[in-house]
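Chemist: The structure that follows is given in the form of structure tokens.
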Amino acid sequence: MTTNLNLMEKTSAIFLFLFVGTFVTIFQVSDATETSNAIFIFGDSTADVGTNSFLPMTKIRADFPHNGIDFLNSRATGRFSNGFNSADFLSKLMGRQRSPQPYLFLLKAGLTNRMFSGVNFASGASGLLDVTGKELNIVSMSDQIKQFETVCSNLTLLKGQDVAKNILAKSMIAISVGSNDIFGYFENRSTVDPLVFIGSLMSAYECHINALYKLGARKFGIISVPPIGCCPSQRIYNSTGGCLEIENTFARAFHSSLDALLKKLTSKLSGLKYSLGNSYEMTINVINHPQLFNFKSVDTACCGEGLLNAEKTCTPQAKLCSDRDTYLFWDLYHPTQYASELAATTLYNGGPQFVTPINFAQLAAY
Ligand SMILES: *[C@@H]1O[C@H](CO)[C@@H](O)[C@H](O)[C@H]1NC(C)=O
Ligand SMILES: *[C@@H]1O[C@H](CO)[C@@H](O)[C@H](O)[C@H]1NC(C)=O
Ligand SMILES: *[C@@H]1O[C@H](CO)[C@@H](O)[C@H](O)[C@H]1NC(C)=O
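If you read the sequence shown in this note's numbering, its first letter stands for residue 329, the second for the next number, and so on.
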């Protein structure tokens with residue numbers, strides 16, 4: 329009975345913030361379109377909207393079916409999703425149609441001026457550490473920031489220092505990264521002490537934020553690591569099909585260390601504002617109460633092959649589920665479009681259980 333009661337309380341809390349959120353959103357959207365602040369997105373495949381499709385040397389890509397099956401015209405855009413991803417939904421909540429285009433797309437198309445309103449630099453398989461994904465020929469976080477530096481220099485050149493500074497300070501910097509570093513630790517069977525390893529990820533994060541701050545960025549929307557041990561790709565190594573608990577322990581440690589780091593940086597870097605999304609809490613909440621969110625499957629990939637559809641990636645030959653909005657996972661690693669929308673809505677409008685010290689809507693409004 330007690331647990332049922334707790335569950336009910338949690339439920340009403342969730343619905344409450346969803347309702348409150350709806351009203352907040354309406355005002356946010358009109359705000360955002362009026363001022364149309366720029367959005368710059370960094371990170372890994374959770375936010376990649378096609379960067380890797382411009383990298384001929386990488387195999388980490390999603391520019392083929394069944395990816396994109398629910399996108400406009402069922403187009404495979406390079407997103408690791410059946411449709412939009414969280415970067416798209418966050419951008420939508422900020423008054424746009426979808427995520428800004430990948431840097432490499434805008435560069436190739438010669439659309440340098442369009443970069444000033446937003447760019448997506450995220451590249452699948454990247455991590456906080458330069459070594460993460462290095463042999464996969466993706467764009468590391470350090471290189472994503474170098475690309476951003478080019479955009480900043482052009483902006484300054486064209487608009488002058490003062491205007492550029494003002495534009496950058498108002499821009500939303502969204503970062504979703506960290507999972508691939510932790511996967512790398514386990515794939516490598518690293519013997520580095522876990523606390524030392526998490527510490528090295530925090531040093532890397534601090535360097536990246538410092539670099540972005542130096543370039544003029546002030547508003548950071550940061551998305552931490554979800555319970556990566558619960559990805560179908562990891563569950564197949566647990567004979568019960570349950571989550572790999574050790575990896576989830578790392579994800580929780582990552583979040584609490586990042587929380588501490590951001591508090592420290594706020595006192596060191598004047599004018600810095602941030603919002604930290606607790607992807608762990610958001611996702612585990614869905615996994616523990618799937619029925620509240622109308623999920624029928626939170627352990628199996630919609631697209632894939634073998635055990636939990638997680639022994640192979642999503643390809644044109646893979647099995648594909650029909651009721652995609654009832655799956656948490658699109659492929660062995662990534663959420664479905666519906667799950668990504670849920671995540672973005674929570675980041676944007678959620679309460680302190682999921683996003684601290686303010687939510688992304690409050691950050692955007694600064
Ligand atoms: C402006 O951008 C182009 C690429 O779009 C880059 O090659 C060039 O170096 C940039 N200019 C400056 C001053 O950074
Ligand atoms: C994993 O091991 C490879 C090969 O030794 C190394 O190059 C790479 O840096 C390691 N990755 C991580 C994340 O430690
Ligand atoms: C496997 O999953 C079960 C729950 O089904 C959990 O209790 C157990 O700790 C997991 N094993 C590992 C190695 O993480």
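Glycine included, every Cβ here is placed at the ideal spot set by N, Cα and C.
Tell whether a beta-carbon distance below 9 Å holds between Gly446 and Ser419.
Modeler: Along the sequence shown, one-based indexing puts residue 446 at 118. Along the sequence shown, one-based indexing puts residue 419 at 91. Their beta carbons are under 9 Å apart, which means Gly446 touches Ser419 by this criterion.
Chemist: Which residues end up in the neighbourhood of ligand 3 when you take C-beta atoms closer than 7 Å to any of its heavy atoms?
Modeler: Qualifying residues come out as Gly557, Asn566, Thr568, Gly569, Gly570, Cys571, Leu572, Glu573, Ile574.
Chemist: Might you give, ordered along the chain, the residues of its own chain that have their beta carbon closer than 8 Å to the beta carbon of Leu383, omitting 5 neighbours on each side?
Modeler: Reading the sequence shown from its first residue, position 55 is the one you call residue 383. Correct list, in chain order: Arg389, Leu432, Ser451, Asn465, Ile466, Val467.
Chemist: Just how far apart, CA to CA, sit Phe476 and Gly461?
Modeler: Taking the first residue of the sequence shown as 1, we reach residue 476 at position 148. Taking the first residue of the sequence shown as 1, we reach residue 461 at position 133. Cα to Cα, the separation comes out at about 20 Å.
Chemist: Going by alpha carbons, who is nearest to Gln665 out of Leu675, Asp653, Ile369, Tyr676?
Modeler: Residue 665 sits at position 337 when you count from the first residue of the sequence shown. Considering only alpha carbons, the answer is Asp653.
Chemist: If you run the structure through DSSP and keep just helix, strand and coil, what is Glu633?
Modeler: In the sequence shown, counting from the first residue as 1, residue 633 sits at position 305. The answer is strand: DSSP assigns Glu633 an E or B state.
Chemist: Sort out for me which residues DSSP pairs Thr684 with in a bridge.
Modeler: Mapped onto the sequence shown, residue 684 falls at position 356. Thr684 is bridged to Leu604.
Chemist: Please name the residue, chosen from Leu483, Tyr608, Asp458, that lies closest to Asp471 on a Cα-to-Cα basis.
Modeler: Your numbering for residue 471 matches position 143 in the sequence shown. The shortest C-alpha separation from Asp471 is found at Asp458.
Chemist: Are the stretch 635 to 642 and the stretch 368 to 378 touching, with three or more C-beta to C-beta distances below 8 Å?
Modeler: Not touching, per the Cβ criterion.
Chemist: Am I right that Leu600 and Met530 are in contact with their C-beta atoms under 8 Å? What's the rounded C-beta distance?
Modeler: Taking the first residue of the sequence shown as position 1, residue 600 is located at position 272. Taking the first residue of the sequence shown as position 1, residue 530 is located at position 202. About 16 Å separates the two Cβ atoms, so there is no contact after all.
Chemist: By DSSP's criteria, Gly512 is part of a beta bridge. Which residues make up the other side?
Modeler: As a first step, residue 512 must be located in the sequence shown, where it is residue number 184. Bridge partners of Gly512: none, in fact.
Chemist: From the DSSP output, read off the bridge partner residues of Ile367.
Modeler: Your numbering for residue 367 matches position 39 in the sequence shown. According to DSSP, Ile367 bridges with Gly446, Met500.
Chemist: Restricting to Cα atoms, I'd like to know which of His617, Leu604, Thr643, Met610 is closest to Leu670.
Modeler: By 1-based counting over the sequence shown, the position of residue 670 is 342. If we check each option's Cα against that of Leu670, Met610 comes out closest.
Chemist: What's the C-alpha gap between Leu400 and Phe412?
Modeler: Here residue 400 corresponds to residue number 72 of the sequence shown, with the count starting at 1. Here residue 412 corresponds to residue number 84 of the sequence shown, with the count starting at 1. Between Leu400 and Phe412, the C-alpha separation is close to 10 Å.
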